[in-house]
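Engineer: Numbering (my numbering), first residue to last: 101 to 375.
Using N, Cα and C, we set each Cβ at its ideal position, and we do this for glycine too.
(1) Does the stretch 320-338 come close enough to the stretch 354-369 that 3 or more CB-CB pairs lie under 8 Å?
(2) Confirm, please, whether the CB-CB distance from residue 153 to residue 125 is below 8 Å.
(3) Would you list the residues sitting across from residue 105 in a DSSP beta bridge?
(4) I need the straight-line Cα distance from residue 253 to residue 321, nearest angstrom please.
(5) Starting from residue 325, follow its DSSP beta bridges and name the residues at the other end.
(6) Check whether the Cβ atoms of residue 284 and residue 274 sit closer than 8 Å, and answer yes or no.
(7) If distances are taken between C-alpha atoms only, which option among 305, 241 and 300 comes closest to residue 313?
(8) According to DSSP, is residue 279 helix, strand or coil?
(9) Considering Cα atoms alone, identify which of 328, 263 and 331 is closest to residue 105.
(10) Quick check: what's the CA-CA separation for residue 281 versus residue 161?
(11) On the CB-based measure, 16 or more other CB atoms within 10 Å of its CB, does residue 138 come out buried or exposed?
(12) In chain order, what residues of the same chain have a beta carbon less than 8 Å from the beta carbon of residue 279, not counting five sequence neighbours either side?
(13) Which residues in the same chain have their Cβ closer than 6 Å to the Cβ of residue 142, if we skip the five residues on either side of it in sequence?
(14) So, with DSSP's three-state summary, where would you put residue 135?
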């Protein structure tokens, strides 16, 4: 990928620090790959008192990647990703059975100073999503919109700006049809960007509500990372992630309400194994 990236990349670094890998579920994932390019992944998740299982396969041939996943609810999800059908493009086709209206076709175009995305639902009266980003030298401006051809109305529209440098990243996004304003700032503590501190503020105009969140991550060593976050509602979360061996990762996370210490804290455990 070249250029300023997609619209979805605006604010992504802050979102990853504050939300990525946090979970209150128990999950076991086992992945294997063969020399021929075929991959197999199976996952078991316990959420509350319910269990779910899925198994997926991945096959890569030249510039084409095929993913197929089957879960315990008899859903079959298929994603086909093709690179360079046209110069500087990525084409993604996906559908899910037995939901025949879930088909979607997405085309992404990347340029040194711009990127564009078009996504169309494959049904009689589709929803069309459009997004674009332009920028250079670490500055990016972007916007997105979704239009429902059945009702003739917009389902969403958002705009954002980001400024990225080697040691920090800042972004402002106006989302939810202008109802939500979100600003974030990430400061990296090392050149490898494995340790960082982040602050985020969200303003929802319809409810006159403000949300402040601060967090960070710190690399204790090349295999171990700790993360934490705290918002103005008193929700404190933390996690410990350790690479047992290359690409096999153990994650332990927890969350509790500092304003209601009588409530039982939530804990999560995730183990991803790649023999």
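Structural biologist: Looking at the coordinates:
(1) They touch, by the three-pair rule.
(2) Contact: no.
(3) For residue 105, which the question treats as bridged, DSSP gives no partner whatsoever.
(4) Roughly 51 Å between the two C-alpha positions.
(5) Residue 325 pairs with 319 and 341.
(6) It is not a contact, given that the beta carbons lie outside the stated cut-off.
(7) Nearest of 305, 241 and 300 to residue 313, Cα basis: 300.
(8) Residue 279 falls in the coil class under three-state DSSP.
(9) Among 328, 263 and 331, the Cα nearest to that of residue 105 is on 263.
(10) Spanning the two alpha carbons is a distance of roughly 42 Å.
(11) Looking at its Cβ environment, which holds fewer than 16 other Cβ atoms inside 10 Å, residue 138 is exposed.
(12) Excluding sequence neighbours, residue 279 sits near 304, 305 and 306.
(13) Around residue 142, the same chain offers 130 and 155 as residues with beta carbons nearer than 6 Å, after the five sequence neighbours per side are excluded.
(14) Residue state for residue 135 is assigned as coil, using DSSP reduced to three classes.
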